[in-house]
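Inspection log for the structure reproduced underneath, given as structure tokens.
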Amino acid sequence: MTITAKHKTDMIITAKHETKLDSVYEYHEMSRYFDLPVEMDPQTVTIRLNSDDHLTIEVIMNPLKNLIQERNVPMEVSTDPQLINNFVTKDVKNR
Numbered sequence: 684m685t686i687t688a689k690h691k692t693d694m695i696i697t698a699k700h701e702t703k704l705d706s707v708y709e710y711h712e713m714s715r716y717f718d719l720p721v722e723m724d725p726q727t728v729t730i731r732l733n734s735d736d737h738l739t740i741e742v743i744m745n746p747l748k749n750l751i752q753e754r755n756v757p758m759e760v761s762t763d764p765q766l767i768n769n770f771v772t773k774d775v776k777n778r
């Protein structure tokens with residue numbers, strides 16, 4: 684079984700099984716593509732295949748570090764009639 688992580692956001696798992704018995708030859712291959720959450724830590728991925736051939740993928744999720752925090756943005760209020768008139772005129776023309 685091979686595992687390839689091409690980017691931080693996806694993973695490809697491929698498995699190959701080959702059996703040779705006397706005159707019988709069997710070959711099985713599978714490939715699965717997974718989109719991974721952006722919050723995952725790629726260094727913590729663990730994969731298990733149990734005796735029933737169930738594949739389990741586990742990964743530790745980290746909070747988004749670059750998530751924009753909610754904040755108040757200061758706003759300036761102008762009482763200059765020229766600025767107010769200019770804004771209203773442009774807004775009406777753009778509709």
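Count along the sequence shown starting at 1, add 683, and that's the number in this note's numbering. Yeah, the Cβ is synthetic: ideal placement off N, Cα and C, and Gly gets one too.
Return the chain-ordered list of same chain residues with a C-beta closer than 6 Å to the C-beta of Glu709, the five sequence neighbours on each side being excluded. One-based indexing of the sequence shown puts residue 709 at position 26. Close CB contacts of Glu709 within its chain, under the 6 Å cut and outside five residues either way in sequence, are with Thr702 (chain order).
Please tell me whether Ile696 and Ser714 are closer than 9 Å, where the distance is taken between their beta carbons. The residue labelled residue 696 in the question sits at position 13 within the sequence shown. The residue labelled residue 714 in the question sits at position 31 within the sequence shown. Yes; because the gap between Cβ atoms is below 9 Å, this pair is in contact.
Taking the alpha-carbon positions, what's the Ala698 to Arg731 distance? Counted from its first residue, the sequence shown places residue 698 at position 15. Counted from its first residue, the sequence shown places residue 731 at position 48. Their backbone Cα atoms lie some 13 Å apart in a straight line.
Within 10 angstroms of the Cβ of Asp693, are there 16 or more other Cβ atoms? Answer buried if so, exposed if not. Taking the first residue of the sequence shown as position 1, residue 693 is located at position 10. Per the 10 Å Cβ criterion, exposed.
Have a look at Glu759, His700, Asn733 and Phe717 and flag the residue whose alpha-carbon is nearest the alpha-carbon of His711. What you label residue 711 is simply residue 28 of the sequence shown in a count that begins at 1. Of the candidates Glu759, His700, Asn733 and Phe717, the one whose C-alpha sits nearest the C-alpha of His711 is His700.
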